[in-house]
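Visitor: Pasting a structure here, questions to come.
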Amino acid sequence: MKEHLLALVRAQRHDERISVLQRRLASLPAELSQREAEHAALMAGVDHLDEERKACLSRAQNLENDVRQFETRVAKVEKQARESRDASAVQIAEHEANQWRDKISSAEDEALQLLDRAEQLADEKKEAAAKLEQAAAEMEQFRKTVAQDQTDLEGECQSVQEQRDQALQEAGSQGRDLYLKLLPARKGRAIVPLRVDSCGGCGMVVPPNDRVRVHGMNHLVRCRSCTRILVDPQVWNQDESKQEAEQNSD
Numbered sequence: 099m100k101e102h103l104l105a106l107v108r109a110q111r112h113d114e115r116i117s118v119l120q121r122r123l124a125s126l127p128a129e130l131s132q133r134e135a136e137h138a139a140l141m142a143g144v145d146h147l148d149e150e151r152k153a154c155l156s157r158a159q160n161l162e163n164d165v166r167q168f169e170t171r172v173a174k175v176e177k178q179a180r181e182s183r184d185a186s187a188v189q190i191a192e193h194e195a196n197q198w199r200d201k202i203s204s205a206e207d208e209a210l211q212l213l214d215r216a217e218q219l220a221d222e223k224k225e226a227a228a229k230l231e232q233a234a235a236e237m238e239q240f241r242k243t244v245a246q247d248q249t250d251l252e253g254e255c256q257s258v259q260e261q262r263d264q265a266l267q268e269a270g271s272q273g274r275d276l277y278l279k280l281l282p283a284r285k286g287r288a289i290v291p292l293r294v295d296s297c298g299g300c301g302m303v304v305p306p307n308d309r310v311r312v313h314g315m316n317h318l319v320r321c322r323s324c325t326r327i328l329v330d331p332q333v334w335n336q337d338e339s340k341q342e343a344e345q346n347s348d
């Protein structure tokens, strides 16, 4: 029976390892999606800078066209003023010409600001594009790393699963059936050590007769409170020491 108990403890530790591996496997797609979203945001940032730069250039070009139209209007008004003999009409024409000149000045100032901004955006885009190029290389490497991690984790998971199945075979049908029944109900802790006089799972005091049976290692003894299988600390620690020795040898 002691060997059966040791096998059950091994099976539970294998199940714990499988659970860790499965959680890690499940996290890989989310990590990849997050990195891809960050990369997509960088790409969108570069595109936005380029679109803003083009908008500045387009607006500046429109203003330059406006300036030419305003200058034509000024020339026309000035001609009218020169040809007019009416002092009042001349004054009105000069006032209108000054208004057009103000518009020309304002449009030229805005166009210059837009061209400066377009140049600044071009520099920002160049810098962002360089970062994007580096990020693209890192993204490709991350994809390869995730793929390799997935392969390694799946391989380890399969190996541990085989060890777990072997341990359950060595545990005997009675212990195996009870373990498989308790495992989901007790959140992966079907077996716990006896902690002096208490259950290592729920903490309830174990009756003296049950403690004697646990220490005897000849029976499957269950906690009367949480129904988990109780094992002697020697069994619990012996398997733990064995696992550590195997890991160190690897």
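For the sequence shown, the positions run 99 to 348 when the numbering used here is used.
Just so you know, even glycine gets a beta-carbon here, dropped at the ideal spot from N, CA and C.
#1: My understanding is that residue 130 touches residue 244, with C-beta atoms under 8 angstroms, so please give their C-beta distance in whole angstroms.
#2: On the three-pair Cβ rule with 8 angstroms, is the region 285 to 297 touching the region 245 to 264?
#3: How should residue 312 be labelled, buried or exposed, when 16 other C-beta atoms within 10 angstroms of its C-beta is the threshold for buried?
#4: Are residue 150 and residue 219 close, meaning C-beta to C-beta below 7 angstroms?
#5: Based on Cα-Cα distance, which residue from 169, 329 and 103 lies nearest to residue 205?
#6: How big is the Cα-Cα spacing for residue 327 and residue 259?
#7: The beta strand (DSSP E) with residue 111 in it runs from where to where?
#8: With respect to the beta strand (DSSP E) encompassing residue 328, which residues constitute its N-terminal and C-terminal limits?
#9: Between which two residues does the alpha helix (DSSP H) containing residue 219 stretch?
#10: So what does DSSP say about residue 292, is it helix, strand or coil?
#11: What is the rounded straight-line gap between the Cα of residue 343 and the Cα of residue 145?
#12: Considering only C-alpha positions, which residue in the set 234, 176, 318 and 242 is nearest to residue 274?
#13: What's the gap between the Cα of residue 333 and the Cα of residue 237?
#14: Taking just the CA atoms, how far does residue 102 sit from residue 247?
#15: Taking just the CA atoms, how far does residue 324 sit from residue 304?
#16: Taking the alpha helix (DSSP H) that residue 271 belongs to, which residues open and close that run?
#17: Confirm, please, whether the CB-CB distance from residue 190 to residue 165 is below 7 angstroms.
#18: What does a CB cutoff of less than 7 angstroms around residue 100 pick up in its chain, not counting 5 residues either side in sequence?
#19: Below 6 angstroms CB to CB, which residues in the same chain sit around residue 158 once its five sequence neighbours on both sides are set aside?
Guide: With the given structure in hand:
#1: 5 angstroms
#2: no
#3: buried
#4: yes
#5: Comparing Cα-Cα distances from residue 205 to each of 169, 329 and 103, the minimum goes to 169.
#6: 22 angstroms
#7: In this chain, residue 111 is not harboured by any beta strand (DSSP E); it is covered by the alpha helix (DSSP H) spanning 100 to 181.
#8: Its beta strand (DSSP E) spans residues 327 to 329.
#9: 185 to 268
#10: strand
#11: Legend: pLDDT at residue 343 = 49, less than 50; position of this residue unreliable, no value from coordinates given.
#12: 318
#13: Whole-angstrom Cα-Cα distance: 48 angstroms.
#14: 34 angstroms
#15: C-alpha separation (whole angstroms): 11 angstroms.
#16: 271 to 283
#17: no
#18: 315 and 333
#19: 209, 212 and 213
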